[in-house]
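Notes to accompany the following structure.
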Amino acid sequence: MDPTNKPKGPSPHYSLYQREIFRRGGEQGSLPSFSVHADELAESTKKTLNNRGYFYANSNAGLGWTDRANRDAFYRWRIVPRMLVDTNTRDLTTELFGHRIPAPILFAPIGINKLYSPLGELVPAKIAGELGLPYCLSTASSQPIEAVAAANDAGASVKNESNSVHEYNGPNGGDAKSPRFFQLYMGHDDEITISLLERAWKSGFDVCMLTVDTWQLGWRPTDINIANYVQVSLFYYPGAVGNEVGTSDPAFMKKYKEAQDKDSGKWIDSSVWHGKAHTWEKMPWLIKEWKRISGGRPFVIKGIQCAEDALKALEVGCEGIVVTNHAGRQVDGAVGSLEVLPEIVEAVGDKMKIIFDSGIRTGADIFKALALGAHAVQVGRLYVWGMSHEGEAGCRHVMKSLLADLDITMTVGGYQSITKDVHGNKKALRYNPSGVFPGLDEHAKL
């Protein structure tokens with residue numbers, strides 16, 4: 004792999020990260036401290052996290068059948084490689100809500116990152132800024148909104164080949180240096196909802212992403228076994244973390260400071276996983292308020308799992324949806340997200356942006372989701388597993404490895420451009436209805 008004969012293209016040569024690892028091993032005897040094989044990576048977090056952190060990161064609803072369905076669906080779609088195609092440069096760039104980004108990958112919103120590293124959300128926010136990839140902040144963050152925005156900007160302030168690709172000329176309330184979106188868990192106090200949206204907008208989060216599938220936590224037996232309620236019970240234990248967004252919110256603290264002081268679970272129980280469902284009738288009000296606050300920036304619903312709901316999201320005025328089953332953590336025995344992606348794309352794919360989430364582990368997975376019509380994907384557990392090992396370095400290693408994997412898949416698979424050759428190109432895939440998804444022990448390993 005000669006780096007001197009690589010012509011400059013629209014995207015960085017992310018594939019060279021593989022060579023960098025090989026050379027460090029050969030010349031310095033320096034090997035990665037953990038495997039980025041997804042199965043081994045998940046398993047290895049048993050050694051880096053306590054039981055509560057490990058089980059929260061890896062628990063699924065019920066017997067885990069929905070999580071399995073997510074991976075089975077990827078296994079059944081197979082890539083069709085093309086030969087003698089000029090892939091000496093690749094174009095992984097795409098446009099998402101006015102942002103030109105270097106690759107179709109978003110950091111998914113995951114709460115309470117202090118479970119995995121002392122700095123919590125500051126770690127992935129910084130790495131996202133370094134790479135120029137959109138970072139999605141969870142309402143259940145263990146860092147205040149403003150601090151996460153600052154970390155994201157800090158990562159983006161040191162320019163490199165990857166984050167220099169990012170371009171955006173639209174409105175932004177916080178002069179953000181990198182794309183970042185705010186994931187909203189909406190409670191039933193509208194004053195607090197508006198306060199959260201205003202803080203997010205002023206901090207440079209210019210897309211609102213409402214999660215609609217997790218106002219009540221799913222039944223997760225492996226969490227039940229150790230009373231791992233609500234982010235490893237941290238909300239209910241002395242010195243609780245995970246309340247930082249709430250306790251830094253002026254509207255929440257004005258109304259509920261006394262209640263929060265008495266019960267550390269007040270924020271999460273009333274404003275995040277409150278157990279009281281919303282309906283489609285509430286959406287026009289929320290969209291209107293976000294548009295008012297942000298000057299018309301996009302509104303996205305996260306949690307769509309069928310074409311009917313995708314059409315409803317379009318009808319109420321959403322510019323995008325996230326096709327996801329919450330990574331198999333909410334409804335056991337549900338359809339795999341990739342299973343329903345084609346019918347959702349057929350219904351609304353030419354009318355709104357579709358982000359895919361749930362089960363992404365490799366560059367090949369990203370390729371498949373895009374070929375089936377998604378415009379981009381969200382990655383969650385991968386970066387959490389990485390930061391569980393080495394904080395910033397671990398998170399960076401996992402995400403740079405994923406980018407290299409996607410880049411190499413495009414290179415050797417014979418597909419030059421994400422938008423021209425892969426997106427919506429079902430001819431790039433074949434469906435195999437039979438076969439069994441390989442297990443953890445069915446691959447070469449040390």
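Under the numbering used here, residues 4 to 449 are what the sequence shown spells out, in order.
Note that CB positions come from ideal geometry on N, CA and C, so glycine has one too.
Check	Outcome
Which of helix, strand or coil DSSP assigns to residue 13	coil
Close Cβ partners of residue 27 (< 6 Å) along its chain, the five nearest in sequence each way excluded	33
Residues of its chain near residue 88, where Cβ-Cβ distance is below 8 Å and the 5 sequence neighbours each way are ignored	417, 418, 419
Counted within 10 angstroms of its Cβ, other Cβ atoms place residue 265 as buried (16 or more) or exposed	exposed
Assigned secondary structure, residue 236 (DSSP; H/G/I helix, E/B strand, else coil)	Interpretation of residue 236 is limited by its pLDDT of 46, a score under 50 that renders its predicted location unreliable; no figure is taken from the coordinates.
Contacting residues, own chain, Cβ-Cβ under 6 Å from residue 127 (five flanking each side not counted)	110, 386, 398
Stretch-stretch touch, CB-based, cutoff 8 Å, three pairs: the stretch 419 to 431 with the stretch 153 to 173	no
Distance between residue 371 and residue 302 (C-alpha atoms, nearest Å)	25 Å
Cβ-Cβ distance between residue 100 and residue 322 below 8 Å	yes
Inter-residue spacing [alpha-carbon to alpha-carbon] between residue 340 and residue 361	6 Å
Where residue 338 sits in the DSSP three-state scheme	coil
Selection from 135, 56, 185 that minimises the alpha carbon distance to residue 3	No answer is possible for residue 3: the residues shown for the chain start at 4 and end at 449.
Where the alpha helix (DSSP H) through residue 391 begins and ends	384 to 393
Under 8 Å between C-beta atoms of residue 39 and residue 297	no
Three-state secondary structure (DSSP) of residue 192	coil
Local conformation of residue 398 per DSSP, three classes	helix
Nearest-angstrom Cβ-Cβ length linking residue 170 and residue 103, presumed shorter than 8 Å	4 Å
For residue 140, the nearest candidate out of 90, 173, 209 (CA to CA)	209
Helix, strand or coil at residue 104 according to DSSP, with G and I counted as helix	strand
Cut-off 6 Å between Cβ atoms - residues of its own chain near residue 411, not counting five sequence neighbours on either side	18
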